[in-house]
Amino acid sequence: MNAIGHLLCAEWQKTTGNRWAVGTLIGLFPIMAVVILILTTLVALGGSPEAMARMGIASGGQVAYWPDYFLFAWAIPSTPIGRWLLIAFTAVAFAGEYQWGTWKNLAARRTRASLVAAKFVTLSLLIVASFTLMSLILGFGMLLPVSIAGGTYGPALDGPLLADFAGRYLGQAGLAFASALVAAGYAALAAIVTRAILGSVLIGIGAFLLEEGLAVPLGLLGTLFHRPEIVALIQLTPSYNLQNLLAWARTGGGHTFPPLDLYAQPNSPELSIVILLVWIAGLIGLTLYSFHRQDILN
Amino acid sequence: MLDVQRHANLFRAEWQKIAGHRWATGLLIWIFPMGALGILAIMLLVALLAPPDIQRNFGLASVNGSVDWTEIMLGAWNIPNEMFGRIILIAFTAVIFAGEYQWGTWKNLLPRRRRVPLIVNKFVTLGAFVVVAFGAASLIAGLGMFLPVKIAGGQYGPPLAEALQSDFVRNFAVQAATTFTATIIAAVYAALGAMLTHSILGSIMIGIGLMILELFSMGIFALLGSLFGHPEIVGLYQLMPSYNLSNVASLITHQPSVNPPFLLNYVAPNSLELSVLILFVWVFGLMTLTVLLFRRQDVTF
Amino acid sequence: MTEIALRLHHVAKTFGRGKKQVQALKNLDLEVQAGQVYGFLGPNGAGKTTTIRILLDLIRPTRGQAAIYGRDPRRDHGVLGQVGAIVEGAAFYPFLSGRRNLEVLARTGGAYDRGRIDSLLEQVGLAERAGQYVRGYSTGMKQRLGLAAALLSDPDLLILDEPTNGLDPAGIQEMRVFIRDLVDRHGKTVFLSSHILSEIEQVCDRVAIINQGALVREGAVADLLAGSAELRVEAAPLAHAAEVLAARWPVQPNGQSITVRADRAAIPEVVRALVAAEVDVFQVVSQRQTLEDYFLSVTQSPEANHA
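Residue numbers (the working numbering), protein chains in the order written: chain P, -18 to 279; chain V, 5 to 305; chain L, 943 to 1249.
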């Protein structure tokens, strides 16, 4: 194994060795999938038709649309709770080194850039592994309760459906991954600045909330300075562009809302992708830069 | 007398310690009065610079040109009932309880004082911080909004005497008391998490997890009822803190008792006395559990 | 009759369950009389800190009883008011100043006295930096603050776990003088756990050595080392000299010399015996075993390792 391989392997061992954090912050997603599966199977076995309907189990000849089960997992990183958990996980990975006083052991052995890069790569791998596993568990597993309840797991797989599903799956997974990386970027930068897990979590969550509520202060500033078009600056934020891409994928049109629709057209998907890439690269770059210049005191 | 002095000293020590953690208190508790100040500053800017339609959008003057300060003062006490407010308070509790493990400071405290007063004192201090922070936020918002409303040309009512004659004081006390109880219950979840995980993040995760579990408890009970063919199991929801908090708040303000339609098929709503009793059992039960866990714990770091 | 400051009776402690079970202490018996410096020695993982934590009611023993001035700290927590301690390195709130940390601890104990805090900060040499956040303190400064914290309630018994960790040589010497002074002039009792055996040898009246959770040796420092005096004899022919001396004393060949288990008073007799046997004597030197030698001999012997 070469030096980079060893570094990644070390990071993986270290991160997954913190079983408690991995279990509750990232392993939670596949575990949740198993719990959902068990619950739905139990309901399918003994529940009333109303209970099955409430649990969304197709019964008595109804059709369960399996691509939805596969795609469900990838919607989680864009929800507040999913994002907060990913922020907490990133905070443990980055700020944990300050808390445990272990940066001093690592910084002497490798360049700081490679250490931070290894953390981002490992986090990405774990995130992809966790949500892929959840997606597979739900996608294949839900066949069981649906079959027990007498529903149909459809539609039948054929070439065009597979191509369409693969496209949607990759799009959704890519979007989720981008969302997770933005969250990780905020948390990692906050970890370097605050050197504390809790500080990193709070600032990471705060940054997201600030970004999502940005329309209000921008609208206010626009009103106060008689430049209402300032609100269009929201189109530069990651949250807007993630929602915009989602809207393009779902409806074929971009994401907008009043009063934004009065002053700007929605971003094109290409522009949104570029803006997201700039954010991700910018946050990771800023994390690297801050860490590079930092005195390690403990 | 000496005993009172010792308790006062213990409370003061805890207050000094928590307040000294400026970063945590700033972000997790003083953020509420500071947020009230921030909102006030924005309102002043709007009152001074924005056109009337924007001022109306910001609630500076209602349709009949009057803003009710009693509602503003009561509104501040609603923040801990919101999900984000509750999570922030869980994080604050986690710092207070799990921080001692993280800083390795339990070993300094335990030889100086018995475990029970140490833990009880943490709850008391937490309660004091919550009352001060939300009391201040409520006062800042209630008194401060007078200025932007007046600048915008609105009426700030009702007159104090009229408010006192109406149910304001009672409503305020009820709102504050139910919010306080809800906060303490969320805090005890986090404190239990701290005793079990010895870590701030772990405590927050367990606190939030238990809070979410409680939120979904009615659904869980309904599911269990459906599975076992006993739909009346859903009635167990009436034992949960959130149900009883809403029920108490509703009954004290002379409104009908709370009962989701789904629940009505199986059980009658709890009486005021029963709800208060159930809340009492929850708060003291969870606190006792925290104390018991801590009493039996080996402090090895 | 001298008062017993601290007593452990058949104290055992087991951590964990099943395969992860670790027996940290095995029926430990110990008695420390008031008015002395008592050294508590043992290799890493021997159970020293576990013992100290039991005494301070931080952990509960699986079996047996601990007593401080005859009172069980578990049942009668008030007795810990007579105890000051530093446990496994001093730990403080990093976001508070040194002085504020002491204030918090004093108030927690129910006895806040600003004058005493000032005086203690002066005594441990931290008066000038007492206003700074502890997060900026060096290990040695934290240790000094730990000593001040231990002395806050003017305790009769001080339990100090590795108090010289992180101190510079001058600081170590100051600490030694300080500890002796506490006992000799102020009548305190000090229970001192340390790895620096030369320090223990210089400052302690009695020592206990534990290994793998069990007591290996206990006694006055002078008594423990008394029976271990040795003479190094250089003579020729060496084999004949060894044969002559072996008739009266335990002898061990040691390269170009032989080691005789005898004290300094035996030197004339040794020389006479060798001269009488026509052995040429070049040098006879009295060697006293240090506490370090003694410690290593008792903790590394096979019997100690199977204790």
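The C-beta atom is built at its ideal place from N, Cα and C for all residues, glycine as well.
Query                                                                                                                           : Result
Interface partners of I178 of chain P on chain V, CB under 8 Å                                                                  : I204 and L205
Unbroken beta strand (DSSP E) run spanning V252 of chain V, endpoints                                                           : Element bounds for V252 of chain V: not the beta strand (DSSP E) but the alpha helix (DSSP H), P245 to I256.
At least 3 beta-carbon pairs within less than 8 Å: the segment 133 to 145 of chain V vs the segment 21 to 39 of chain V         : yes
Anticipated Cβ contact below 8 Å, V1202 of chain L with L1216 of chain L, distance rounded                                      : That belief does not hold up - the Cβ atoms of V1202 of chain L and L1216 of chain L are roughly 10 Å apart, past 8 Å.
Amino acids of chain V, ordered along the chain, whose beta-carbon sits closer than 7 Å to that of G28 of chain P               : S230 and L231
V238 of chain V - partner residues in DSSP beta bridges                                                                         : V238 of chain V pairs with nothing; no bridge assigned.
The segment 275 to 294 of chain V touching the segment 178 to 192 of chain V, judged by at least three CB pairs closer than 8 Å : yes
A172 of chain P at chain V interface by Cβ criterion, 8 Å                                                                       : no
Cβ-based neighbour list, P11 of chain P, same chain, cut-off 7 Å, excluding 5 preceding and 5 following                         : S111, L114, M115 and I118
Below-8 Å beta-carbon distance, V124 of chain V vs any chain L residue                                                          : no
Proximal chain L residues relative to V329 of chain V, where beta-carbon distance stays under 8 Å                               : In the structure as shown, chain V begins at 5 and stops at 305. Residue 329 of chain V is therefore absent and cannot be evaluated.
Where L1139 of chain L sits in the DSSP three-state scheme                                                                      : helix
Closer than 7 Å at the beta carbon, the chain V residues around V16 of chain P                                                  : Per Cβ cutoff of 7 Å: no residues; V16 of chain P is ~12 Å from chain V at best.
Residue environment, R1041 of chain L, which counts as buried when at least 16 other CB atoms sit within 10 Å                   : buried
Neighbour list for L113 of chain V in chain L, Cβ cutoff strictly below 8 Å                                                     : L1047 and T1050
Continuous alpha helix (DSSP H) stretch holding V1029 of chain L: start and end                                                 : Counting along the chain, V1029 of chain L falls outside any alpha helix (DSSP H), and DSSP gives it neither H nor E.
CB of R995 of chain L within 8 Å of CB of V974 of chain L, strictly                                                             : no
Residue from L:W1191, L:A1181 and L:V1213 with nearest C-alpha to S1199 of chain L                                              : L:A1181
L14 of chain V: contacting residues in chain L (beta-carbon distance under 8 Å)                                                 : R1049, T1050 and G1052
Neighbour flag for V182 of chain P against chain V, beta carbons, 8 Å                                                           : yes
Distance, Q1242 of chain L Cα to W1191 of chain L Cα                                                                            : 24 Å
Exposed unless 16 or more other CB atoms sit within 10 angstroms - verdict on K1250 of chain L                                  : Not covered by the structure: residue 1250 of chain L. The range shown for chain L is 943 to 1249.
Reference Y980 of chain L; option with closest CA among L:R1058, L:A1164 and L:A1183                                            : L:A1164
Other residues of its chain near L240 of chain V: CB distance less than 7 Å, five sequence neighbours each side excluded        : F225
Where P1036 of chain L meets chain V, residues with beta-carbon distance less than 7 Å                                          : W107
Nonlocal neighbours in the same chain, by C-beta distance under 7 Å from A169 of chain P, ignoring five residues either side    : T71, F75 and T268
Any C-beta of chain L under 8 Å from that of H234 of chain V                                                                    : no
Sequence-distant residues of the same chain with beta carbon closer than 7 Å to I58 of chain V, five excluded per side          : V50
One or two residues paired with P1195 of chain L in a DSSP bridge                                                               : L:I1200
Proximity of R1016 of chain L and H952 of chain L at Cβ, strictly below 8 Å                                                     : no
Positions along the segment 22 to 37 of chain V whose CB lies within less than 9 Å of some CB in chain L                        : G24, H25, R26, W27 and A28
Reference Y1011 of chain L, options L:E1185, L:I946, L:A1091 and L:D1222, closest by Cα                                         : L:I946
8 Å Cβ cutoff, M77 of chain V in contact with chain P                                                                           : no
Contact set between the segment -14 to 9 of chain P and chain V, restricted to residues whose Cβ is under 8 Å from the partner  : W1, A2, T5 and L6
Helix, strand or coil at A1188 of chain L according to DSSP, with G and I counted as helix                                      : helix
Residues near G148 of chain V in its chain [Cβ-Cβ closer than 6 Å; skip 5 each side]                                            : L44
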